[in-house]
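Enquirer: Residue numbers (the UniProt record's numbering): 1 to 372.
All residues carry an ideal CB built from backbone N, CA and C; glycine is no exception.
All of these numbers come straight from a predicted model, not from anything done at the bench.
Take a look at the following structure, please.
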Amino acid sequence: MLMTRVLSALVLAPLFLGVVWLGSPWFEALFALMGGIMAWEWSRISHRGQFTASGQVMGFTLSLMIALTAILPTVWPTEWREMTREEVGLAAPAPATDKAAESAPIGPDTRFYGYYALNPLTGGEIELGRGRVGPGVFGGPRDELTDANIRDVSRTLALPMMLWAGLLLVPAAAAVLVLERKNRESRWWDVTGLLYLGVTLLALVFFRAAAGWIPFLGLLVMVWATDTGAYFAGRAIGGAKLAPRISPNKTWAGLVGGAVCSGLAATLVLLARDVPPQAQALIMVAFVVGALVAVVAQGGDLFESFLKRRFDQKDSSHIIPGHGGLLDRFDGLLATAFLLVPFLVWLFQNPGPVRLGGHSLMILPPLTGTIW
1 MLMTRVLSAL VLAPLFLGVV WLGSPWFEAL FALMGGIMAW EWSRISHRGQ FTASGQVMGF
61 TLSLMIALTA ILPTVWPTEW REMTREEVGL AAPAPATDKA AESAPIGPDT RFYGYYALNP
121 LTGGEIELGR GRVGPGVFGG PRDELTDANI RDVSRTLALP MMLWAGLLLV PAAAAVLVLE
181 RKNRESRWWD VTGLLYLGVT LLALVFFRAA AGWIPFLGLL VMVWATDTGA YFAGRAIGGA
241 KLAPRISPNK TWAGLVGGAV CSGLAATLVL LARDVPPQAQ ALIMVAFVVG ALVAVVAQGG
301 DLFESFLKRR FDQKDSSHII PGHGGLLDRF DGLLATAFLL VPFLVWLFQN PGPVRLGGHS
361 LMILPPLTGT IW
């Protein structure tokens, strides 16, 4: 059994991390597939082994919703438009994306362009980038900026597009209630599963799109450190049970051990970003954030254990040899998404570096446009 678990981890973990590194559209494609599988597992739990019509609605909705987050930025209305010199401001030349353009002189023949997209929240437009053509600048602004600004469209519009995609949850929840109108025991659990999985998966996709692969990897490291620390601390120390009726094997020692390991992991991730060692305030904040992630992740684990015990199911599925189902493996990561939602919305409303103890840390890459 242990060898099976190890082999599964050795094969699947690099594949998952590779997709995290690749980003869009591969990341969204993987999470769309995972959403469908998790809906299938949730339906099998709440209906004691059966995959019902409501489960099919859940799976289709989650997969479509996440797929839309990758499709919408590629088809979203954008345009290049020439800007006047007054709009640009000659005292502050428009930013360029390569060294040749950056060092090129601004002369009377230099032409400036803005790259704009439709604002999905207000119906207006937002500026995503600028380019210029003139002496010493080779090629047009499209050649220089298109690839960079496709990424900017994805990041700048990530939140509103995911809000639009999330609206699919409303008719899907109504459909589930209609399909399960004769099954009062399961229908509200199915709606809970639809909303729980929908919100958490969208938040994780949003986090990857907005923050990039390194912060997402940092979150994974914290969750995995939580599982490792909780397991070894619980085995070595034992002691009082955390929630004996829900998960008899979990202990308070495991909770503390997981929090400490996650806090240390968060601190190491922070130090890996070239933060000055003397920035004690940032280091302490990183440790506290890691510990908080651990507590929430273990809460997600307990929630899934409660769900399975409520319907007398041991595992969500056996799709991962030696590990069970996706819900069994990603329950902690899903729960941490509830921390990400308010945090990321706050960061988007307050762009720029976070200042703590006289030191600054840029958590999100700077955006060229803003929707707020």
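(1) Let me check understanding here. Comparing Cα to Cα, which of Thr251, Lys308 and Gly263 lies closest to Met222?
(2) Can you tell me whether Lys241 is helix, strand or coil according to DSSP?
(3) What alpha helix (DSSP H) runs, 4 residues minimum, are completely inside the region 183 to 245?
(4) Run through the DSSP bridge pairs and tell me what Thr78 is partnered with.
(5) Determine contact between the region 180 to 196 and the region 70 to 87, defined as no fewer than three beta-carbon pairs at a distance below 8 Å.
(6) My guess is that Tyr113 and Glu125 are in contact by the Cβ rule of under 8 Å, so how many angstroms apart are they, rounded?
(7) So for Gly263, helix, strand or coil by DSSP?
(8) What are the boundary residues of the alpha helix (DSSP H) that includes Ser43?
(9) If you check the beta carbons only, do Thr251 and Gly332 fall under 8 Å apart?
(10) Hey, out of Ala9, Leu68 and Thr4, whose CA is closest to Phe31's CA?
(11) Name the DSSP bridge partner or partners of Gly322?
(12) Between Leu168, Leu163 and Gly325, which lies nearest to Ile45 when the distance is taken from Cα to Cα?
(13) Taking Gly23 and Trp164 to be in contact with their CB atoms under 8 Å, please state how far apart those CB atoms are, rounded to whole angstroms.
(14) Are Trp176 and Leu195 touching if we call contact CB-CB under 8 Å?
(15) What's the C-alpha gap between Val341 and Val295?
(16) Excluding the 5 residues flanking Leu327 on each side, which residues of the same chain have their C-beta closer than 6 Å to its C-beta?
(17) Hey, out of Lys308, Ala253, Arg81 and Asn249, whose CA is closest to Arg48's CA?
(18) Give me the residue from Phe232, Leu201 and Gly239 with the minimum Cα distance to Met34.
(19) Leaving out five residues before and five after Leu168 in sequence, what residues of the same chain have Cβ atoms less than 7 Å from its Cβ?
(20) Measuring alpha carbon to alpha carbon, tell me which residue in Ile283, Gly239, Thr267 and Arg245 is nearest Leu255.
(21) Going along the chain, which residues of its own chain have a beta-carbon closer than 7 Å to the beta-carbon of Gly166, five neighbours each way excluded?
(22) Can you round the beta-carbon distance between Gly258 and Gly300 to whole angstroms, since I take them to be within the 8 Å contact cut?
(23) To which residues of the same chain is Val293 closer than 6 Å at the C-beta, ignoring the five residues directly before and after it?
(24) Out of Glu127, Ala286 and Arg184, which one is the CA nearest neighbour of Pro215?
Expert: Considering the structure as presented:
(1) For this step, residue 222 is matched to residue 222 along the sequence shown. Nearest option by C-alpha distance: Gly263.
(2) Stepping through the sequence shown from its first residue, residue 241 is reached at position 241. Three-state DSSP puts Lys241 in a strand.
(3) As far as the region 183 to 245 is concerned, its whole alpha helix (DSSP H) runs of at least 4 residues are 184 to 211 and 213 to 237.
(4) Stepping through the sequence shown from its first residue, residue 78 is reached at position 78. Among the bridge pairs identified by DSSP, Thr78 is matched with Ala117.
(5) Not touching, per the Cβ criterion.
(6) Residue 113 sits at position 113 when you count from the first residue of the sequence shown. Residue 125 sits at position 125 when you count from the first residue of the sequence shown. With 8 Å as the limit, Tyr113 and Glu125 do not qualify as a contact, their Cβ atoms being about 14 Å apart.
(7) Within the sequence shown, residue 263 is the residue found at index 263, counting from 1. Three-state result, Gly263: helix.
(8) On the sequence shown, residue 43 is found 43 positions in, with the first residue counted as 1. Where Ser43 is concerned, the enclosing alpha helix (DSSP H) stretches over Trp26 to Ser46.
(9) The residue given as residue 251 occupies position 251 in the sequence shown. The residue given as residue 332 occupies position 332 in the sequence shown. Thr251 is not a Cβ neighbour of Gly332, given a cutoff of 8 Å.
(10) As a first step, residue 31 is located in the sequence shown; it is residue number 31 there, counting from the start. Considering only alpha carbons, the answer is Leu68.
(11) On the sequence shown, residue 322 is found 322 positions in, with the first residue counted as 1. According to DSSP, Gly322 bridges with nothing at all.
(12) As a first step, residue 45 is located in the sequence shown; it is residue number 45 there, counting from the start. The shortest Cα separation from Ile45 among Leu168, Leu163 and Gly325 belongs to Gly325.
(13) Start at 1 with the first residue of the sequence shown, and residue 23 comes out as number 23. Start at 1 with the first residue of the sequence shown, and residue 164 comes out as number 164. In fact, because the Cβ distance is near 21 Å, the residues do not count as touching under 8 Å.
(14) The sequence position of residue 176 within the sequence shown is 176, counting from 1. The sequence position of residue 195 within the sequence shown is 195, counting from 1. The sequence given here places Val at residue 176; Trp does not occur at that position. No, these two residues do not count as a Cβ contact at 8 Å.
(15) Numbered from its first residue, the sequence shown carries residue 341 at position 341. Numbered from its first residue, the sequence shown carries residue 295 at position 295. In a straight line, the C-alpha of Val341 is about 17 Å away from that of Val295.
(16) Here residue 327 corresponds to residue number 327 of the sequence shown, with the count starting at 1. Cβ neighbours of Leu327 beyond the five flanking positions: Met38, Glu41, Glu304 and Ser316.
(17) Taking the first residue of the sequence shown as 1, we reach residue 48 at position 48. Nearest C-alpha to Arg48: Lys308.
(18) By 1-based counting over the sequence shown, the position of residue 34 is 34. That would be Leu201, whose Cα lies nearest to the Cα of Met34.
(19) Here the question's residue 168 lines up with position 168 in the sequence shown. Closer than 7 Å at the Cβ level, and outside the excluded window around Leu168, lie Thr61, Leu64 and Met65.
(20) Locating residue 255 in the sequence shown gives position 255, where the first residue counts as 1. The option with the nearest alpha carbon to Leu255 is Gly239.
(21) Sequence index remark: in the sequence shown, residue 166 carries index 166 (1-based). The beta carbon of Gly166 lies closer than 7 Å to those of Met65, Gly198 and Leu202 in the same chain, with the five residues before and after it left out.
(22) Against the sequence shown, residue 258 aligns to sequence position 258. Against the sequence shown, residue 300 aligns to sequence position 300. Not quite, the Cβ-Cβ distance comes to about 12 Å (not below 8 Å), so this is no contact.
(23) Position 293 of the sequence shown, counted from the start, is the residue given in the question as residue 293. So the list reads Met222, Ser262 and Thr336, once near-sequence residues are dropped.
(24) Counting from 1 along the sequence shown, the entry for residue 215 is found at position 215. Checking every option, the nearest Cα to that of Pro215 belongs to Ala286.
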